[in-house]
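Okay, so here's the structure we're looking at.
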Amino acid sequence: MRTRLILMLLMLLPFFTNAQSNMQRQMQVNSAMFRQQNQMFLQQQQQQRDMSRMLTNIQTTEDKLANEERKLKKSQTKLLEIETDLKSKKGELANLENNSKDNNSDLQKDIEKSKKEIAKSEEKLSKTNGKIQLSSKKIQDFQKKIETSKAEKEELAKKHEEEKRIKKEEKERKEKEKN
Numbered sequence: 314m315r316t317r318l319i320l321m322l323l324m325l326l327p328f329f330t331n332a333q334s335n336m337q338r339q340m341q342v343n344s345a346m347f348r349q350q351n352q353m354f355l356q357q358q359q360q361q362r363d364m365s366r367m368l369t370n371i372q373t374t375e376d377k378l379a380n381e382e383r384k385l386k387k388s389q390t391k392l393l394e395i396e397t398d399l400k401s402k403k404g405e406l407a408n409l410e411n412n413s414k415d416n417n418s419d420l421q422k423d424i425e426k427s428k429k430e431i432a433k434s435e436e437k438l439s440k441t442n443g444k445i446q447l448s449s450k451k452i453q454d455f456q457k458k459i460e461t462s463k464a465e466k467e468e469l470a471k472k473h474e475e476e477k478r479i480k481k482e483e484k485e486r487k488e489k490e491k492n
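And the structure:
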């Protein structure tokens with residue numbers, strides 16, 4: 314009886330060891346699949362963060378562009394006001410100079426005062442022109458930045474779609490190999 318029990322145990326031993334090795338292989342396969350899925354999930358999360366960052370960057374740049382366009386319009390309006398003011402002051406100066414045939418000291422003071430006002434207006438005019446040029450340059454820079462950001466976003470989206478397609482093909486290939 315003892316010998317039969319030992320003999321049966323020896324006969325069943327390969328089944329137990331085989332079952333154990335199958336279980337270990339299955340655990341390894343499961344952990345590998347889990348790691349791969351986790352890695353894919355992390356990649357997708359990173360891509361979503363990159364896309365979100367790109368969209369935020371584009372939106373911020375568009376907001377800055379809109380603000381700069383408002384500043385440009387305001388500066389252009391101010392420029393027109395200064396130009397009309399300067400023309401009227403030059404006209405007043407011309408009238409004062411035409412009327413200054415008699416050397417009246419009050420008239421000479423008015424002429425000097427008018428010349429100083431014209432100089433101030435011309436200085437304001439040049440400052441406003443500088444602001445307009447600076448604003449125009451900023452607008453161009455923002456437009457270029459928006460274009461490059463949109464191109465990068467499209468490139469990132471294409472890359473994301475390509476990776477999805479490749480992963481799908483790999484998954485289908487693995488399914489075919491299993492079958």
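So the mapping is simple: the numbering used here equals the position in the sequence shown, first residue as 1, plus 313.
Note that beta-carbon positions come from the ideal geometry of N, C-alpha and C, so glycine has one too.
One thing to note: Ser-427 has its Cβ within 8 Å of the Cβ of Leu-406. Boundaries of the alpha helix (DSSP H) around Asn-442: 418-491.
Note on Ser-344: under 16 other CB atoms within 10 angstroms of its CB, so exposed under the neighbour-count rule.
Residue state for Met-314 is assigned as coil, using DSSP reduced to three classes. Listed in chain order, the non-local C-beta contacts of His-473 below 7 Å within the same chain comprise Gln-360, local neighbours out to five positions each way being set aside. In the structure shown, Asn-408 falls within a helical segment according to DSSP collapsed to helix, strand and coil. When the beta-carbon positions are compared, Lys-480 and Met-353 come within less than 8 Å of each other. Between the C-alpha atoms of Leu-392 and Lys-402 there is a straight-line separation of about 15 Å.
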